[in-house]
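Please read the structure below before turning to the comments.
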């Protein structure tokens, strides 16, 4: 992997088409929430399908926990849609036919000259596409379990949400004074916007890149 891709660094703000052929910008898909970015080999890989089945079951927890989930594959548009539909997924799948992400991150799986896919990786991004954790999924057991993700998401959410502990007297004082700036989501966006994001209404909250 490119040594610039490490915890504490920022991932490039890629623009790629999604399963509807609409170009999407990663930062727009993320908003101000943590994001799990899953880089997969593609439809042909049974390990990817198993991981995505688990993440699809986990997705409702990500929604209520205000964490985004995005998949990037090197499959074509039709195959990308087949995989997403078979999973019953309700989160964005981006396809990178030119394999730009694979090449930028230097994660070509050279042991598979037939498909030349990405080595699978799962990235946990804090707001601003800041890389917090990277899991190398070349072997299936290198991929994070939902328990590991829960722990990592607890940590990153605690870091980025100043209102994590409402027992803090300073938080109580600020709320009583009408200062909601550090309270999520009240200080950053409307409840209407929040519910659009939780509903996965990508066209309404992320738009076209």
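In my numbering, the protein residues as written are 22 to 230. Just so it is clear, CB atoms sit at the ideal spot from N, CA and C, and this is done for glycine as well. Being a predicted model, the structure only gives us computed values, none of them experimental.
Sheet register partners of residue i (DSSP bridge)
i, result
"residue 231", "Here the chain has residues from 22 to 230 only, and residue 231 is not among them."
"residue 147", "151"
"residue 90", "57"
"residue 31", "151"
Counted within 10 angstroms of its Cβ, other Cβ atoms place residue i as buried (16 or more) or exposed
i, result
"residue 41", "exposed"
"residue 122", "buried"
"residue 213", "exposed"
"residue 233", "Because the chain spans 22 through 230 in this model, residue 233 falls outside it and cannot be assessed."
"residue 218", "buried"
"residue 136", "exposed"
"residue 82", "exposed"
"residue 197", "exposed"
"residue 110", "buried"
"residue 105", "buried"
"residue 134", "exposed"
"residue 225", "exposed"
"residue 187", "exposed"
"residue 170", "buried"
"residue 101", "buried"
"residue 158", "buried"
"residue 78", "exposed"
Cβ of residue i within 8 Å of any chain C Cβ
i, result
"residue 170", "Here chain C cannot be found, since the structure has a single protein chain."
Within 8 Å, strictly: CB atoms of residue i and residue j
i, j, result
"residue 103", "residue 64", "yes"
"residue 26", "residue 126", "yes"
"residue 73", "residue 37", "no"
"residue 92", "residue 59", "yes"
"residue 149", "residue 31", "yes"
"residue 152", "residue 28", "yes"
"residue 221", "residue 49", "no"
"residue 173", "residue 154", "yes"
"residue 44", "residue 230", "yes"
"residue 120", "residue 95", "yes"
"residue 39", "residue 47", "no"
| Three or more C-beta pairs closer than 8 Å, one from the region 198 to 210 and one from the region 95 to 114: is that the case here? | no
| said: Check whether the region 136 to 153 and the region 177 to 190 are in contact - that is, three or more C-beta pairs closer than 8 Å. | reply: yes
| query | Enumerated in chain order, which unbroken segments of the beta strand (DSSP E) with a length of 3 residues or greater are wholly contained in the region 37 to 85? | reply | 44 to 46 and 56 to 60
| task | Report the residue ranges of all alpha helix (DSSP H) runs contained in full by the region 108 to 133; include only those spanning at least 4 residues, in chain order. | result | 121 to 126
| said: Pairs of beta-carbons, one from the region 81 to 92 and one from the region 45 to 55, closer than 8 Å: are there three or more? | reply: yes
| Contiguous alpha helix (DSSP H) assignments of at least 4 residues, all confined to the region 160 to 201 | 167 to 181 and 190 to 197
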